[in-house]
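Here the structure is laid out as structure tokens; the discussion comes afterwards.
Number of protein chains: 2
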Amino acid sequence: MNPSYPQENFHHTTFATSSFWAKRRSIVRKNTLHAQLEILKSTGRYDAFRLKWHPTYEEGYKALFWDSDVGKWLEGACYFLAEKGDEEGDKVIDEAVKELTSMIAGAQWEDGYLNIHFTVVKTGLRFTNLRDLHELYNAGHLIEAALIHHQHYKNNLLLDPMLKYVLLMHTTFGPGPGKIHGYPGHPEIELALLRLYSRTGNTHAYELAKYFITERGNLLGVKGQHFYLAEAKQRGEDPGQRPAGDAWPTANAFWYQQAHKPILEQETIKGHSVRAMYLLNAVADLVHLSRTREEDSGEFEKYKTKMYLTGGIGAIDQWEGFGIDFFLPQSTGEGGCYAETCASIGVMMLAERMLQLDLDGKYADILELALYNTALGGMSQNGKEFLYENHLASCSKRPMKRESWFDCACCPPNVTRTFGMLGGYLWSSIVKGKDLEIDVHLYNSAVLSFEVPGGTLSLKQDTNWPWGNTVTFTLDAPSSLDITIKLRIPSWAQPFENGELFTLSPSPIPSLKSSKSYLILTPSYTSLYRNTLVTLAFSPLTFQPRLLRHHPSTNQNTLSIARGPLIYCAEDIDNEWVEDHFKSVAISEDTKLEEYVAQDTILGEDFMKITASGVKVEDAGTEKGSFPGFDIVREKSVKKTDVQIVFVPYFYRGNRGGRGHMRVGFRRL
Amino acid sequence: MNPSYPQENFHHTTFATSSFWAKRRSIVRKNTLHAQLEILKSTGRYDAFRLKWHPTYEEGYKALFWDSDVGKWLEGACYFLAEKGDEEGDKVIDEAVKELTSMIAGAQWEDGYLNIHFTVVKTGLRFTNLRDLHELYNAGHLIEAALIHHQHYKNNLLLDPMLKYVLLMHTTFGPGPGKIHGYPGHPEIELALLRLYSRTGNTHAYELAKYFITERGNLLGVKGQHFYLAEAKQRGEDPGQRPAGDAWPTANAFWYQQAHKPILEQETIKGHSVRAMYLLNAVADLVHLSRTREEDSGEFEKYKTKMYLTGGIGAIDQWEGFGIDFFLPQSTGEGGCYAETCASIGVMMLAERMLQLDLDGKYADILELALYNTALGGMSQNGKEFLYENHLASCSKRPMKRESWFDCACCPPNVTRTFGMLGGYLWSSIVKGKDLEIDVHLYNSAVLSFEVPGGTLSLKQDTNWPWGNTVTFTLDAPSSLDITIKLRIPSWAQPFENGELFTLSPSPIPSLKSSKSYLILTPSYTSLYRNTLVTLAFSPLTFQPRLLRHHPSTNQNTLSIARGPLIYCAEDIDNEWVEDHFKSVAISEDTKLEEYVAQDTILGEDFMKITASGVKVEDAGTEKGSFPGFDIVREKSVKKTDVQIVFVPYFYRGNRGGRGHMRVGFRRL
């Protein structure tokens, strides 16, 4: 069974102009695409495929990812070009895409090889360091760009070079004699190859991806040795030495790349979080290709002990990845917090895949959580500034501050392409003969529309999500189809007074059925109410501010504020009195949360601010005796000053200047 | 002004036979010295100075510290030999000391050089890697052994070779042309050299130590480069590579050795905790040699934010050292805890030195805390098993378990020598003409006795410390002396009903004076009550169990139990129901603490166990919705089961078998 990809069906969705996501996608189209194009040009990335020397190449490995930076931008650009919209702006983008396509094709070697670094800088050393140098990661992003390029332009100008490269890779890597028995340090090519196969049936791509995934972590892969060890020795490196750069905590720590053992034998998730996500996504695709919907595979359970309540993953700065279970400090100044934007995009990708394998609201909850908080928060309201790390609290060494770009620029264009394909995340559909099922995962005013036997299906949803508590649906489809619609019920929904989590009108008869947090509108219901407004309403309580805590095993004795799918944070710009990144500010579980409407001038939209009463605690701990531990009886005399704390959505942080003080989890009084 | 060293004046103290510390010192003498001698022999360390090949030398750097292992044992042995005691056992120890002395002298090169590794294994590479290979650290411990050897045997058989080695070092290292402008990666030689100078007036030793201390961290020391960089390049190493072994988190992380900048410019304490302590001790000695008593230098304030409430320091396993401020998780399974035994011994050493520079009870509190908890706890009750790390909680990967020895064996013989010189930690004395001051830092039944003008001074203290609340003193001294006695008042003392922290009888007239938590018995008082029983009594409350918390900035929302200077912990052997290292067990600040007398069969002594009522909390966190954060309103329904928890002193842990579950800080309910 073929997976369905947001990248492949995003164009079935049209966002209502004034909806939450339409506004943001419009900003990406009007601002982000252009701003990032300018940066690609000014930093040398744009012209790099012309294969001339660039001064950055002197600076170690800074330019290693340039192919992928361009690839991700190209991919994002094509999603937006595929829609009607900003004609004048699109012309600029369209021309750049065409020029880049031509440059990329021109940079290809006769034998199909294609990579800037190993053509211009390290000629002759291609495929000698798969572990560290992102060669195949770059290829993967170029293939992903080629797939949407082909879909949009309906030509092969980018896809053909990539197919030629795939052929070279297939000749180079694999189990056979004379081939390299290896796989990349940073997964991505696997995702690209499997989607290429899914679209084109290219079996080379499938074989190669399957080999990369299943060979990974083979401890005896090359003459009885781990491939990365054999590869390092081949380069003349001492295997007792850690590679340059400081990411590996110990020598041969192959768990950094999830290659310490075969993926099916890995009991927990470890190492670099983006690599882990991309690998798991590829595994999910491979599984999907070989089976039908199955039971919960438990993938997410493995790392819920390693996920922040913002949907961020990865607490450890050094290897940009996971710590031990429940090790989730809020900031660098409190022991670590990384939560890379790309990793949360990886979480979204994996959640979407899991929903296809096992339709369970728990995956949709995580998808929504990562989307509204860490992924959306990775970009500023004006679409021109970004975050690489998504700390839950700032500290003096890492104040809250957005940047227009990064040397290692994976995150900004990853946000661009994710918003480009966003329509594909809202819902998924399965057609089997005259049976059709639509699963609605995310609520936002939009129309899903695609061709079906006998005409066009259109499902419209209308809502003020994430602020409001109702969603209305209108279905228009040929009467010959038996249509099931499944509507997600968030786990955070609060019940009405009668204990029900939602109402549906018109009400179905005999009664509502649901499965794994999806409400099922059966074919008899949908045929009865075709072209009729159907309303799903949640209790007003569902969209009132609520308090969250971290799991007690995290040792985070904190309270955080959420409202619907949004996590909230406090910033100094609303709380001028703050001096210490809110470290000394506590709230109690009895604090009264009040919300009020505020206006964002950039997007011209209303949103909700929340206030809570708290106290500033003057611990003066070390003065209460010279013991590092303090007598609890003396704690009663600690001085406390009342403060009023204003909270804004976490994604909204860092948009209004300020002194860089920000916090999600407040000490619990 | 010369520092006074516990190593130099320990023999002025005679412990009362049945006192807390006498029992433990007797165990060290009867068990530990012999058990460690057997291990030195069976592992090859004892005979290593015969300079024959040993199979361990094939195993990388395992034998690098062997000189110091022998040196520390030698030092410890001599302290005990200097006292009357176990005649038969002492004969064995005495013979071994003599044989080792002869072997060490025989292993010296013609030019004075003395080191096993660079004689047998890496001949010709001496002094080419001061940064990593512990060459001078080894020399330091041999010098420390030689000083007590000389004092006890009154011969130069060990001291002369070491003086010859010092001469070679003085020719080799220093600011002059042709000399190595370097210093060791692991301080220790500095301490040894300064004490050698203090005893013998050897100016080479002084110059060398001062050079090592002040040159350390010079960023431009060798041809405009940091010495460690220049040294690495000299060895043909790539400075971008981290050294073998995994301790350095990043390349050229010279803060690991506190050599990233000159010590006076270091604003916080970082890196390997034992190195840090030894360096600071050497700095304190250098300061002491150049001045008289001064104001609080604030040394301890720097790292109270990095000290566990047990007196342990160092949260990070990788570099056996400090994390950021307030990063103090309780176990490896909760993010890290190291708290090496040697580091706590370093804390004791530094606290004792600080008391000489600035008599303030806060240093004595820390001295006592580290002594009774992490240092004492580093050895089992029978003196034959040890702990390298002093976690505050066990976890499945690091269950609570003692070992008879370690490959890297720094801690066991460090405990031995510390108990050997323990008498020197109890009190210090300053004689100026006919003015004499005795500062009593630690309470334990013992007699201080030394020659003074006109006869012998003797100060006897009698107490059941750390269990009882009174200490009695009897002073006998020539009446010609004006004697001031200062008695420490612990910061954890709880007041009597009238608000006083203690009573003294007979009462002084007009009134008591005290300064920085030391009660001052003036010459007029001590002359009045010479040969009279003087009693210092604390409130019974002072020795009742009390609750401590970690500083809130540690994010440790825990309660711990203390009683007097002792921190308590719970173990599975007293709490058979425990299954999860007490992670799910919570106590409230209202819990009733009750104590009762228990008997230790090994030492045949009574001690106090404490019980507290708590609850086992079944969080089932992840089932309360798929969000990583949980609604606080749902927390109320969490299941709680009452449990009774039995606590024993932290030092007592791991002495009675069991399943390895142990914890100090319990979740706060």
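Going down the list, the protein sequences come from chains A and B. If you use full-length UniProt numbering, the first sequence corresponds to residues 1 to 669, in order. If you use full-length UniProt numbering, the second sequence corresponds to residues 1 to 669, in order. Note that CB positions come from ideal geometry on N, CA and C, so glycine has one too.
Counting along the chain, where does the beta strand (DSSP E) carrying T200/B start and finish?
One-based indexing of the second sequence puts residue 200/B at position 200. It is not in any beta strand (DSSP E) - T200/B instead sits in the alpha helix (DSSP H) that spans 189-200.
In chain order, what residues of the same chain lie with their CB nearer than 8 Å to the CB of P175/B, ignoring the 5 residues before and after it?
Locating residue 175/B in the second sequence gives position 175, where the first residue counts as 1. Excluding residues within five positions, the ones whose Cβ falls inside 8 Å are H181, Y211, E215.
Using a beta-carbon distance below 8 Å, is A562/A in contact with chain B?
The count along the first sequence starts at 1 and reaches residue 562/A at position 562. Yes, A562/A counts as interfacial toward chain B.
Touch test, the stretch 481-489 of chain B against the stretch 451-459 of chain B, Cβ-Cβ under 8 Å, three pairs minimum
yes
So, under 8 Å CB-CB, L387/B and T341/B are touching, yes? Tell me the CB distance rounded to an integer number of Å.
For the purposes of this step, residue 387/B is identified with residue 387 of the second sequence, where counting begins at 1. For the purposes of this step, residue 341/B is identified with residue 341 of the second sequence, where counting begins at 1. Confirmed, about 6 Å.
Member of E59/B, M379/B, G614/B whose CA lies at the smallest distance from the CA of N575/B
In the second sequence, residue 575/B corresponds to position 575, counting from 1. Selected option, being the one with the closest Cα: G614/B.
Check the DSSP bridge columns for L459/A and list the partner residues they point to.
In the first sequence, the residue the question calls residue 459/A occupies position 459. Note: L459/A sits in a beta bridge opposite L448/A, L475/A.
W467/B, DSSP secondary structure in three states:
The sequence position of residue 467/B within the second sequence is 467, counting from 1. Correct three-state label for W467/B: coil.
Quick check: does the Cβ of R216/B come within less than 7 Å of any heavy atom belonging to the ligand PLP?
Inclusion of the ligand PLP in the displayed structure is not the case, the ligand content being empty and no account of it being possible.
Determine, using beta carbons only, whether K516/A comes closer than 8 Å to chain B.
Along the first sequence, one-based indexing puts residue 516/A at 516. Chain B has no Cβ within less than 8 Å of the Cβ of K516/A.
For F322/A, which of helix, strand or coil comes out of DSSP?
As a first step, residue 322/A is located in the first sequence; it is residue number 322 there, counting from the start. Shown here, F322/A sits in coil according to DSSP, grouped into three states, outside any helix or strand.
Quick one: give me the first and last residue of the beta strand (DSSP E) that I520/A is part of.
Walking along the first sequence from the start, residue 520/A turns up at place 520. Residues 518-521.
Within 10 angstroms of the Cβ of T374/B, are there 16 or more other Cβ atoms? Answer buried if so, exposed if not.
As a working mapping, residue 374/B is identified with position 374 in the second sequence. The residue is buried, with at least 16 neighbouring Cβ atoms inside 10 Å.
Kindly identify the DSSP beta-bridge partner or partners of F212/A.
As a first step, residue 212/A is located in the first sequence; it is residue number 212 there, counting from the start. DSSP output for F212/A lists no bridge partner at all.
Kindly indicate if chain B contains any beta-carbon less than 8 Å away from that of H550/A.
On the first sequence, position 550 is the one that residue 550/A refers to. Output row for H550/A: interface = yes.
By DSSP, does L548/A sit in helix, in strand, or in coil?
Mapped onto the first sequence, residue 548/A falls at position 548. Correct three-state label for L548/A: strand.
Is the distance from the Cβ of F80/A to the Cβ of L33/A below 8 Å?
By 1-based counting over the first sequence, the position of residue 80/A is 80. By 1-based counting over the first sequence, the position of residue 33/A is 33. It is a contact, given that the beta carbons lie within the stated cut-off.
Chain A partners of F322/B, CB-CB under 8 Å?
In the second sequence, residue 322/B corresponds to position 322, counting from 1. Within 8 Å Cβ-Cβ: nothing; F322/B doesn't reach chain A, min ~12 Å.
How many whole angstroms separate the CB atoms of D285/A and L191/A, which I take to be in contact at a CB cut-off of 8 Å?
If you number the first sequence from 1, residue 285/A lands on position 285. If you number the first sequence from 1, residue 191/A lands on position 191. 7 Å between Cβ atoms; contact.
Cβ-based contacts, 8 Å cut-off: residues of the stretch 122-153 of chain A near chain B
none
Taking N555/A as the query, report the chain B residues whose CB atoms sit under 9 Å from its CB, ordered along the chain.
Start at 1 with the first residue of the first sequence, and residue 555/A comes out as number 555. Near N555/A (Cβ distances below 9 Å), the residues of chain B are P329, Q330, E334, G335, T554, N555, Q556, N557, T558, R667.
Can you list, in chain order, the stretches of the alpha helix (DSSP H) that have 4 or more residues and sit fully within the stretch 232-302 of chain B?
273-289
Name the residue from G377/A, L376/A, M349/A, G378/A whose alpha carbon lies nearest to the alpha carbon of A364/A.
Indexing the first sequence from 1 puts residue 364/A at position 364. Selected option, being the one with the closest Cα: M349/A.
Range covered by the alpha helix (DSSP H) that runs through residue 713/B
With chain B covering 1 to 669 only, the question about residue 713/B has no answer from this structure.
Distance cutoff 8 Å, beta carbons only. Does L289/B sit that close to anything in chain A?
Position 289 of the second sequence holds residue 289/B. It does not; no Cβ of chain A falls within 8 Å.
Straight-line CA distance for F496/B to F538/B?
Along the second sequence, one-based indexing puts residue 496/B at 496. Along the second sequence, one-based indexing puts residue 538/B at 538. Distance between the alpha carbons of F496/B and F538/B: 8 Å.
Enclosing alpha helix (DSSP H) for L357/A [first to last residue]:
As a position in the first sequence, residue 357/A is number 357, starting the count at 1. Secondary structure note for L357/A: its alpha helix (DSSP H) is the uninterrupted segment 341-357.
Please give me, in chain order, every unbroken run of the alpha helix (DSSP H) with length at least 4 that falls completely inside the stretch 590-668 of chain B.
none
I'd like to know whether the C-beta of G240/B is nearer than 8 Å to at least one C-beta of chain A.
Position 240 of the second sequence, counted from the start, is the residue given in the question as residue 240/B. Output row for G240/B: interface = yes.
Would you say T250/B faces chain A, with C-beta separation under 8 Å as the test?
Indexing the second sequence from 1 puts residue 250/B at position 250. Using a Cβ-Cβ cut-off of 8 Å, T250/B counts as an interface residue toward chain A, since at least one Cβ of chain A sits closer than that to its own.
Along chain A, in chain order, which residues have C-beta atoms closer than 8 Å to that of M307/B?
In the second sequence, residue 307/B corresponds to position 307, counting from 1. Near M307/B (Cβ distances below 8 Å), the residues of chain A are P628.
Going by DSSP in three states, Q7/A sits in which element: helix, strand or coil?
Position 7 of the first sequence, counted from the start, is the residue given in the question as residue 7/A. Q7/A carries a helical assignment under DSSP once its states are collapsed to helix, strand and coil.
Pull up the distance between the alpha-carbon of residue 740/B and that of F20/B, whole angstroms please.
Any property of residue 740/B remains undetermined from this structure, which presents chain B solely from 1 to 669.
Within 10 angstroms of its Cβ, does S511/B collect 16 or more other Cβ (buried), or is it exposed?
On the second sequence, position 511 is the one that residue 511/B refers to. Under this definition S511/B is an exposed residue.
So, for T119/B: in the same chain, excluding its five sequence neighbours on each side, which residues have a beta-carbon less than 8 Å away from its beta-carbon?
Taking the first residue of the second sequence as 1, we reach residue 119/B at position 119. Leaving aside the five residues that flank T119/B on each side, the residues in its chain whose CB is nearer than 8 Å to its CB run, in chain order, L51, A107, W109, Y113.
Nearest chain B C-beta to R546/A closer than 8 Å, yes or no?
As a first step, residue 546/A is located in the first sequence; it is residue number 546 there, counting from the start. So, interface residue.
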